[in-house]
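A.B. asks: Pasting in a structure now, in structure tokens, and then I'll have a few things to ask.
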RNA sequence: GCCGGGAUGGCGGAAUUGGUAGACGCAACGGACUUAAAAUCCGUUGGCCGCUAGGCCGUGCGGGUUCGAGUCCCGCUCCCGGUACCA
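Residue numbers (the numbering used here): -14 to 849.
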């Protein structure tokens, strides 16, 4: 019994698609037809090659692309490479290999791997962010930002990473350590390019309402933007002069309870306010805070620290003199860098007040059963003069009105979002297209683009804020084309996010040397109809791309404010499910898992070894798993992230060579819902492979005749058309495949296959398993690729049935299933049901209270 | 802590608006074919009782609404992801 020859036929069809440019989207398409732009998050071509996570999203979009083509849409389905970035540069550092070489090799490998999956990309639109013809336009966008005042230079405190010899963005630093490599980082003041994303905060927030995106992603972006409403209030400093401390608060209603103030250690007024007596202590604290790396600041965050400045301010409503403190729990970068502290209503202020024995006044009446310290909930105001009795919302309105009328404060909206630090001290990035004459910056004219990277022998970061480009003397020294004067180039490059902020626009018109994108083409193809990629980009890439797109919209370059209509994140694929038992290495004794914490025995403190247990040695009791040979030993059961160190990485190349691309694609889609995290199981690939073998045999091993299909066969076919179509539309690939499997299981019992049915089935299968489908299509007598055949149309008349099986319940419990004609009425159904002995048994002689009949669904007889 | 998402057989999962819980697949077991293995085909497989017609229990836990709840409401527990002195 021959398996289907997947190797030959997959090679054959991949070659066919490539040489025939089957999936090329012509530059000029018939624009009267509807369009569908289906986009993948393009990969960073890493040295490790493709992992099993990539094909998950890529197969899903490929299915949609193939389906939409068959539905008559013009489909744009491109791919490219997000190829600038740190790894190639670090590899260059270690080996001396130029990043260009590494990148090219990696791209070639990725391209080959993607092609081996049979993905229907238009390879004539491939783009590469490191190609000067591409980054010319990335630089062009930077010039637009500069022109619009959205790019500026600033001395800003930035994350400096000594080990990497470069600055990093806030997002690239996690817990004071670099996201890549985990090296310690510290704050430094540096001259940097910054993009004014904050100017778009409100629009970035509002725009989310019009997108079909995952709720969680929208929420994460909202939190990141962090809009809050409140007031800025001026507190007069007590003493001779007229200096004031401006604070930002979201709870102006509590200001009668402001019993002290806190400034960030970096606040400009600190020096001015501190009294002679306190000055030593204050400057000591400031120095400590500045020397503390942010690792320490976050680690020490449980315990608040601060010192009294000796100064006092006047609470503008209570007229009380309140002490001014400094403390590093107040951040200089948010609001005004100063707060009014209301310990009664704020947990942080309470903790601080309690520690330093500062007065606490409640301004909101907590409920009688409230047992906590600071009360942050709603309630009537107390100790607040004219606000007393008002609930929070009303009290806020009243106090802001008062402050504004007295000139003491103003309503104010604040955002957590910071401007985007756009400079990197790296070689392998887009050069920033500006020159300096002394401190005077001028942008390069458009005709000077692209500003290409110089060839370098040495890629070491200079270890100073000047990046490796400072070493390229010939490149660095130049003439300002605008003035003709001697000038110096910018040594910083753009961050990796830059190229990915707009790549989806370039796919539309990738070869255009005159414009970033032809406006007519842009108008036709944008916005992206479906965008699939990992949830790890929920904030950064997706927020930056939206920001640039809005700027380009304002500049009249693009026609829509939002770039991505519908967004879906594929869930991560974990390694295979693992059963782990813990063993004391010295004694050889097993330790039950609830008694294990952090790899140690919680009783003895002994180090334990994790031992992987085969499924056969595992037994389940309740919802927990135990060792079969020693049932008192509980096991840990978990699928872990794939990682080299854990040794659970699945290589897609191996799976493809063993089972073929079609079986691999099918398995990745069959595992479960696209968005869900799910464990890998290689045995599952056997299952989809077996299915394809059955498909192959179904059509090639039994006679296919041009006979008239029976009604039963047509019903099965159209049921399958119905299910597969709506499942693809809803991205429920797993259940679509289940429907195809059910079809094959049923059709396998037929003696012969009507030609018409076989053809329709092959078309239904083709988006999922394109190679075998093309081969079978040819086998069924067609000359052309099936890629543009019409998608099978549902004919509802075949779905109707004359007789159905109706479940019959008595008091809500299933007692029988009766076979009845569809169109009979309730009375007849009840009469028929009452013939069932099992129904009679439960009805007995009890009075029938109610008969609920949902036609086609259920009959429920309720007896007394 | 806060925000978001989950919890269904040995495992991955199915069950469009409340209407036969466990589709489809994996694994396991039994059988056919085979010298044998692989492959393939047929059958069984939520638990318990009868082992046949059938019955009882069952979708993380406790309550509620309903003729009827995996699905809706209230209150919990646990898991995953994100995020955190943001005033």
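Every residue gets a Cβ at the ideal spot worked out from N, C-alpha and C, and that includes glycine.
Going by CA-CA distance only, name the one from 581, 582, 574, 603 that's closest to residue 562.
C.D. replies: Among 581, 582, 574, 603, the Cα nearest to that of residue 562 is on 603.
A.B. asks: Just to confirm the assignment, what range does the beta strand (DSSP E) spanning residue 390 have?
C.D. replies: First-last for residue 390: 377 to 391, but that is the alpha helix (DSSP H), not the beta strand (DSSP E).
A.B. asks: Is the Cβ-Cβ distance between residue 291 and residue 311 less than 8 Å?
C.D. replies: Cβ distance < 8 Å, so residue 291 and residue 311 count as in contact.
A.B. asks: If you check the beta carbons only, do residue 632 and residue 413 fall under 8 Å apart?
C.D. replies: Contact flag unset, no.
A.B. asks: Does the region 665 to 682 come within contact of the region 774 to 782, defined as at least 3 CB pairs closer than 8 Å?
C.D. replies: No contact exists between the region 665 to 682 and the region 774 to 782.
A.B. asks: Among 445, 236, 226, 199, which residue has its Cα nearest to the Cα of residue 215?
C.D. replies: For the residues 445, 236, 226, 199, the minimum Cα distance to residue 215 belongs to 236.
A.B. asks: On the DSSP bridge list, what partners appear for residue 850?
C.D. replies: Past the edges of the chain, shown from -14 to 849, lies residue 850, and the structure says nothing about it.
A.B. asks: Which same chain residues end up closer than 6 Å to residue 570 when comparing Cβ atoms and leaving out the 5 residues on each side of it in sequence?
C.D. replies: Same-chain partners within the cutoff: 594.
A.B. asks: Taking only three categories from DSSP, how would you classify residue 239?
C.D. replies: Reduced to three states, the DSSP call for residue 239 is helix.
A.B. asks: As an exercise, report each continuous beta strand (DSSP E) stretch of at least 3 residues that is fully enclosed by the region 38 to 88, in chain order.
C.D. replies: Fully enclosed beta strand (DSSP E) runs of 3 or longer: 59 to 61.
A.B. asks: Taking the CB atoms as reference points, tell me whether residue 688 and residue 103 lie closer together than 8 Å.
C.D. replies: Their beta carbons are not under 8 Å apart, which means residue 688 does not touch residue 103 by this criterion.
A.B. asks: Return the bridge partner residues of residue 836 from the DSSP annotation.
C.D. replies: Paired residue(s): 846.
A.B. asks: Anyone know if the C-beta pair for residue 492 and residue 182 falls short of 8 Å?
C.D. replies: Not in contact: residue 492 and residue 182 (Cβ atoms no closer than 8 Å).
A.B. asks: For residue 693 and residue 741, what's the separation of their Cα atoms in angstroms?
C.D. replies: Each residue's Cα considered, the two are about 8 Å apart.
A.B. asks: Mapping the DSSP letters down to three states, classify residue -4 as helix, strand or coil.
C.D. replies: DSSP places residue -4 in helix when its eight states are reduced to three.
A.B. asks: Helix, strand or coil, according to DSSP, for residue 430 in the structure here?
C.D. replies: Reduced to three states, the DSSP call for residue 430 is coil.
A.B. asks: So residue 645 and residue 95 are supposed to be a Cβ contact under 8 Å. How far apart are they, rounded?
C.D. replies: No, residue 645 and residue 95 are not in contact; Cβ-Cβ is about 20 Å, not under 8 Å.
A.B. asks: Compute the beta-carbon to beta-carbon distance between residue 394 and residue 238, rounded to the nearest angstrom, for a pair I have assumed lies under 8 Å.
C.D. replies: Rounded, the Cβ-Cβ distance is 12 Å, inconsistent with contact.
A.B. asks: Going along the chain, which residues of its own chain have a beta-carbon closer than 7 Å to the beta-carbon of residue 835, five neighbours each way excluded?
C.D. replies: Contacts found: 847.
A.B. asks: Which residues in the same chain have their Cβ closer than 6 Å to the Cβ of residue 870, if we skip the five residues on either side of it in sequence?
C.D. replies: No answer is possible for residue 870: it lies beyond the span of the chain, which begins at -14 and ends at 849.
A.B. asks: If you measure between the beta carbons of residue 443 and residue 454, is that distance less than 8 Å?
C.D. replies: Going by C-beta atoms, residue 443 is not nearer than 8 Å to residue 454.
A.B. asks: Could you give the distance in angstroms between the alpha-carbon of residue 315 and the alpha-carbon of residue 361?
C.D. replies: Their backbone Cα atoms lie some 19 Å apart in a straight line.
A.B. asks: Going by DSSP, which residues form a beta bridge with residue 597?
C.D. replies: The partner list for residue 597 (beta bridge, DSSP) reads 565.
A.B. asks: Could you name the residues that DSSP lists as bridge partners for residue 575?
C.D. replies: In DSSP, residue 575 forms a bridge with 568.
A.B. asks: Within 10 angstroms of its Cβ, does residue 573 collect 16 or more other Cβ (buried), or is it exposed?
C.D. replies: Classification for residue 573: exposed.
A.B. asks: Going straight from the alpha carbon of residue 658 to that of residue 718, what length do you get?
C.D. replies: Looking at the two C-alpha atoms, the distance is approximately 7 Å.
A.B. asks: Output yes or no for whether 8 Å exceeds the beta carbon distance between residue 37 and residue 637.
C.D. replies: Against a cut-off of 8 Å, the Cβ pair of residue 637 and residue 37 comes out as a contact.
A.B. asks: For residue 716, collect the residues of the same chain with a Cβ closer than 6 Å to its Cβ; drop the 5 residues on either side in sequence, then sort them by chain order.
C.D. replies: Here the set comprises 659.
A.B. asks: In whole angstroms, what is the alpha-carbon distance linking residue 132 and residue 407?
C.D. replies: If I take the Cα positions, the gap works out to 16 Å.
A.B. asks: Taking just the CA atoms, how far does residue 144 sit from residue 170?
C.D. replies: C-alpha separation (whole angstroms): 6 Å.
A.B. asks: Just list the alpha helix (DSSP H) runs in the region 180 to 207, keeping only unbroken ones of 4 residues or longer that don't cross its boundaries, in chain order.
C.D. replies: As far as the region 180 to 207 is concerned, its whole alpha helix (DSSP H) runs of at least 4 residues are 186 to 192.
A.B. asks: Okay, do the region 480 to 497 and the region 69 to 89 touch, 3+ Cβ pairs below 8 Å being the bar?
C.D. replies: The region 480 to 497 vs the region 69 to 89: in contact.
A.B. asks: Assign residue 641 to buried or exposed, taking buried as 16 or more other Cβ atoms, counted over all protein chains shown, within 10 Å of its Cβ.
C.D. replies: Burial call: buried.
A.B. asks: Going by DSSP, what residue range makes up the beta strand (DSSP E) through residue 293?
C.D. replies: That run of the beta strand (DSSP E) goes 291 to 299.
A.B. asks: I'd like to check one pair, residue 757 with residue 120: are the Cβ atoms closer than 8 Å?
C.D. replies: No; because the gap between Cβ atoms is not below 8 Å, this pair is not in contact.
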